[in-house]
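Engineer:
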Amino acid sequence: MASGAFTRAEVATFRRCEDFLWTVRCHMHFETGRAEERLSFDLQPAIAEALGYRQDASLRSVERFMKHYFLVAKDVGELTAILCSALEIQQLARAPRLPQFLNPLSWTTRRQVRRMTDFRIDDDLLNVASENTFKSDPVNILRLFFRAHETGTFFHPNAIRLLRGSLRLIDDKLRADPAANRIFLSLLTSRTSPEIALRRMNDAGVLGRFIPEFGHVVSMMQFNMYHHFTVDEHLIRTIGQLSSIEAGGLPQALPLSTEIVSTIQNRRALYVAALLHDIGKGRPEDHSILGERIARRLCPRLGLRKAETDVVAWLVREHLTMSDTAQRRDLGDAKTIRDFADIVQTPERLKLLVLLTVADIRAVGPGTWNSWKGQLLRELYYETEPLVTGGHTMTSRRSRLAAAEKQLREALAEWQQEDVEAFVANQYPDYWLRTDTDKQVEHAKLVHEARRDGKKLAISFKSDAFKGMTELTVLVPNHPRLLSLLAGCCASAGANIIGAQICSTRDGFALDTFVLQRSFADNEDEARRTATIRRTIESVLKGEVRLRSLLANRKPAERRIHAFDVEPEVVISNSLSDQFTVIEVSGLDRPGLLYELTSAISDLRLDITSAHITTYGEKAVDVFYVTDLTGKKVIDPNRQVTIREMLEQVLADSDG
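Residues 1 to 656, numbered by this note's numbering, are exactly what the sequence shown covers, in order.
1. From the DSSP secondary-structure annotation, give me the bridge partner or partners of Gln-501.
2. Taking the beta strand (DSSP E) that Pro-477 falls in, what are its first and last residues?
3. Determine contact between the region 185–198 and the region 61–72, defined as no fewer than three beta-carbon pairs at a distance below 8 Å.
4. For Glu-150 and His-156, I'd like the C-alpha separation in whole angstroms.
5. Who are the Cβ neighbours of Thr-13 in its own chain at under 6 Å, not counting the five residues just before and after it?
6. Compare the C-alpha of Lys-542 against each of Leu-475, Leu-457, Ile-613 and name the closest.
7. My output table needs one value for Ala-531: the three-state DSSP class, helix, strand or coil.
8. Just the Cα atoms here: how many angstroms apart are Ser-159 and Phe-134?
9. Would you say Gly-303 and Gly-291 are within 7 Å of each other, going by their C-beta atoms?
10. With DSSP as the reference, please indicate the residues paired to Val-571 in a beta bridge.
11. Within this structure, are the beta carbons of Glu-471 and Thr-513 separated by less than 7 Å?
12. What's the gap between the Cα of Met-1 and the Cα of Ser-85?
13. Whose C-beta lies closer than 8 Å to the C-beta of Leu-162 among residues of the same chain, with five residues either side of it excluded?
14. Which residues in the same chain have their Cβ closer than 6 Å to the Cβ of Asn-140, if we skip the five residues on either side of it in sequence?
15. Kindly indicate which three-state DSSP category Leu-43 falls into: helix, strand or coil?
16. Tell me, please, whether the CB atom of Leu-185 is closer than 7 Å to any CB atom in chain D?
17. Between the C-alpha atoms of Leu-486 and Arg-548, what's the straight-line distance to the nearest angstrom?
18. What residue from Leu-235, Arg-60, Arg-528 has the CA that sits closest to Met-284's CA?
19. If we require 4 or more residues per run, which alpha helix (DSSP H) segments fall completely within the region 246–303?
20. List the endpoints of the continuous alpha helix (DSSP H) containing Ala-458.
21. Considering just the uninterrupted stretch of the alpha helix (DSSP H) at Phe-214, what are its terminal residues?
22. Please state whether DSSP places Arg-452 in a helix, a strand or coil.
23. Do three or more CB pairs link the region 613–622 to the region 208–228 at distances below 8 Å?
24. Taking Cβ to Cβ, would you say Arg-120 is nearer than 7 Å to Arg-114?
25. Ordered along the chain, which non-local residues of its own chain (more than five positions away) have a Cβ less than 8 Å from that of Arg-301?
26. Quick check on His-227: does DSSP put it in helix, strand or coil?
27. Would you list the residues sitting across from Thr-614 in a DSSP beta bridge?
28. Where does Asn-127 fall in DSSP's three states?
29. Alpha carbon to alpha carbon, what distance is there between Glu-383 and Glu-645?
30. Just the Cα atoms here: how many angstroms apart are Ser-658 and Arg-317?
31. Helix, strand or coil for Asp-636, going by three-state DSSP, please let me know.
32. According to DSSP, is Ile-196 part of a helix, a strand, or is it coil?
33. Could you give the distance in angstroms between the alpha-carbon of Val-623 and the alpha-carbon of Asp-172?
34. Nearest to Asp-137 by CA position, among Met-116, Ser-262, Leu-169, Arg-164, is which residue?
35. Around the Cβ of Asn-638, are there at least 16 other Cβ atoms within 10 angstroms (buried) or fewer (exposed)?
36. Can you give me the C-alpha to C-alpha distance between Ser-190 and Thr-346, rounded to a whole angstrom?
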């Protein structure tokens with residue numbers, strides 16, 4: 001360019017990126033017939049087809065298109081960094097200089113960098129000492145990032161350019177170099193913002209070349225509504241979450257993780273597992289199994305001992321086990337805990353898996369983590385701990401129950417004691433283990449107000465615009481079809497249920513909480529919708545209107561949901577519980593799905609003992625613990641076939 005900010009090669013990259021992005025933008029207009037600036041889910045498959053992308057063994061055509069899109073975005077980001085650095089240097093050249101003793105980079109640091117390394121600091125930016133810095137010693141590529149991390153400096157444009165032109169030097173010889181691997185491992189496990197160092201390496205193209213398996217997932221998007229980031233960005237954010245936990249920055253949100261992180265013995269293994277846990281994605285086989293094999297190959301190269309390698313491989317293979325168990329299984333069922341303990345086996349692995357699971361979920365995207373999931377993971381941890389410690393646990397179930405009750409009493413210290421004790425006495429033990437204190441306070445207030453006003457029906461809402469969700473809590477006399485009725489009321493108003501917590505009280509009431517996908521960005525609009533749901537529930541439960549007539553007029557599913565294809569599946573198991581038959585149903589989510597599933601289960605003359613409702617973007621996974629009307633498991637094979645066929649028909653009925 002005329003200003004000299006870009007080289008000829010960088011200008012060519014700029015033109016290539018510009019052509020691609022304009023092509024995509026034009027096709028967005030072609031597909032919609034109007035000016036459209038959002039590359040939404042429903043447009044992505046059509047544009048991928050129009051541009052000639054084809055499915056291969058590992059990625060769908062839309063995923064290959066979006067990977068190309070994000071790679072172009074990375075190039076644009078790198079060009080922007082070069083331009084900004086060049087402009088900054090020009091500005092510094094014209095601006096008055098700070099005296100050395102006021103400069104954040106001391107003369108001592110500058111001298112050490114110049115004398116002891118092949119780098120130097122120019123205009124407060126880390127630069128290479130010569131054009132041969134990387135060619136003469138390729139390990140300097142890793143040292144550049146280490147020195148930037150150590151000094152807290154950004155890269156000089158000359159260093160970025162030389163780095164871009166030296167990526168071919170990252171070959172098998174450098175990957176096998178012990179010094180290079182020591183540097184990388186020290187960056188990965190740094191106690192000061194390892195996420196920043198890894199993202200720098202990734203943006204520069206170094207991380208994907210130094211670890212080719214990581215290079216496979218760079219800019220790889222997963223075509224679903226659950227994952228907010230590309231796979232490489234998610235992995236780096238997982239490291240960032242672990243680092244925040246270890247730094248003690250999340251004690252309120254993550255009390256258990258904050259407590260146990262300082263007690264683990266395999267810190268290096270945990271960080272390596274966090275980086276590798278999704279590295280097997282984008283291949284035909286199960287990414288957890290493939291990731292385990294990759295970990296076993298890579299860990300010795302990084303300098304991990306055999307025992308550490310075994311831990312990393314196990315964590316990668318089982319990284320979904322704890323979240324699946326917590327969210328999709330009945331934690332009050334003894335067999336659930338025994339089966340999970342058989343997988344975990346040791347207290348150390350239990351702690352490591354908690355930390356990895358929490359960091360993984362929190363790194364998925366805004367709104368994915370909530371206090372509800374945190375409470376479930378804590379319950380699973382505390383229920384499993386006695387089994388893997390031989391009963392020698394610091395926190396018994398009885399003490400946890402007592403502590404939970406005490407915390408509520410302290411939170412309600414201004415209440416009349418008899419009101420607090422009435423609420424406490426009315427809850428079953430599992431309630432205290434599955435519900436955090438803040439939610440218990442909300443429940444106590446709802447129950448107290450209902451009792452004071454002589455009401456048998458009470459409803460409360462709480463909305464969070466940032467997380468994109470609204471919580472609906474209902475207190476009402478319990479009966480077998482209540483879950484179905486409440487789900488239907490939400491569906492009739494076009495509300496999509498993305499989670500549910502079902503509780504019963506000792507006096508025959510249900511205290512159920514539904515997590516609804518927020519429909520409006522504006523708080524007033526969302527408040528009007530929740531008021532509509534409240535009126536609908538009240539009218540249906542009082543018998544003033546018929547639910548089916550309301551459902552007949554409900555709004556269709558949002559447009560973007562039709563861009564996805566989720567294979568429907570119904571799994572019926574008698575091996576997951578000693579007392580109940582477990583029915584796991586998964587398929588494309590839509591408003592009204594939970595209502596239709598629970599109605600069908602009731603029509604099949606099954607009694608739902610507990611329900612576990614989870615949504616992963618466009619995919620719903622609903623698990624029901626059921627018995628027949630005699631209280632026994634469903635053993636008869638023909639009956640199981642009938643149940644499976646009826647529920648599969650519900651999943652296939654996309655029109656609701």
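We put the beta carbon where it would ideally sit given N, CA and C, even for glycine.
Structural biologist: The short version:
1. Thr-513
2. 469–477
3. no
4. 16 Å
5. Asp-75
6. Leu-457
7. helix
8. Residue identity check: residue 159 is Ala in the sequence provided, not Ser. Taking the straight line joining both Cα atoms gives about 10 Å.
9. no
10. Glu-584
11. yes
12. Low confidence applies here, because Met-1 scores a pLDDT of 49, under 50, leaving its location unreliable; read the following figure in that light. For Met-1 and Ser-85, the distance between alpha carbons rounds to 15 Å.
13. Val-128, Glu-131, Thr-133, Phe-134
14. Asp-118, Thr-133, Phe-134
15. coil
16. Although the question refers to chain D, the structure presented lacks it and comprises just one protein chain.
17. 12 Å
18. The sequence given here places Pro at residue 284; Met does not occur at that position. Ranking Leu-235, Arg-60, Arg-528 by Cα distance to Pro-284 puts Arg-60 first.
19. 255–260, 267–276, 287–302
20. It is not in any alpha helix (DSSP H) - Ala-458 instead sits in the beta strand (DSSP E) that spans 458–464.
21. 212–215
22. helix
23. yes
24. yes
25. Arg-175, Ala-176, Asn-181
26. coil
27. Gly-499, Val-621
28. strand
29. 36 Å
30. Examination of residue 658 is not possible in this model, given that the chain is present from 1 through 656 alone.
31. coil
32. helix
33. 47 Å
34. Leu-169
35. exposed
36. 26 Å
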